[in-house]
Amino acid sequence: MTNIKILSEVGGRKVGDIVDLAPDAATYLVEAGYAEQVAGKAGQPKRAARTASTTSTAEQDEESSDES
Numbered sequence: 602m603t604n605i606k607i608l609s610e611v612g613g614r615k616v617g618d619i620v621d622l623a624p625d626a627a628t629y630l631v632e633a634g635y636a637e638q639v640a641g642k643a644g645q646p647k648r649a650a651r652t653a654s655t656t657s658t659a660e661q662d663e664e665s666s667d668e669s
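In the numbering used here, the protein residues as written are 602 to 669.
Here it is as structure tokens:
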């Protein structure tokens, strides 16, 4: 099995999803430009985790400035 990151919505998968596919299917999606090969775990969209932590920091900064 090969882990790939979805770059374009295809087969019901959303952009940023990491899925584990058979090597032939993964190769097809990568060559077609729908995905890129990654080393992450399937089912773990890494981009979403980074966005959430960035948002939390921005919200904390706004709360701090409101108290002043």
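No residue lacks a Cβ here, since even glycine has one placed at the ideal position from N, Cα and C.
Residue i, enclosing beta strand (DSSP E) - first and last residue
i: ALA636; result: 636-638
i: ASP621; result: 619-622
Residue from the options whose Cα sits closest to the Cα of residue i
i: LEU608; options: ALA640, PRO624, TYR635; result: TYR635
i: ILE610; options: ALA623, VAL639, ILE619; result: According to the sequence displayed, residue 610 carries Glu and not Ile. Comparing Cα positions, the closest option is ILE619.
Residues bridged to residue i [DSSP beta-bridge criterion]
i: THR606; result: Here residue 606 is Lys; the residue named in the question, Thr, does not match the sequence. According to DSSP, LYS606 bridges with ILE619, GLU637.
i: VAL611; result: ARG614
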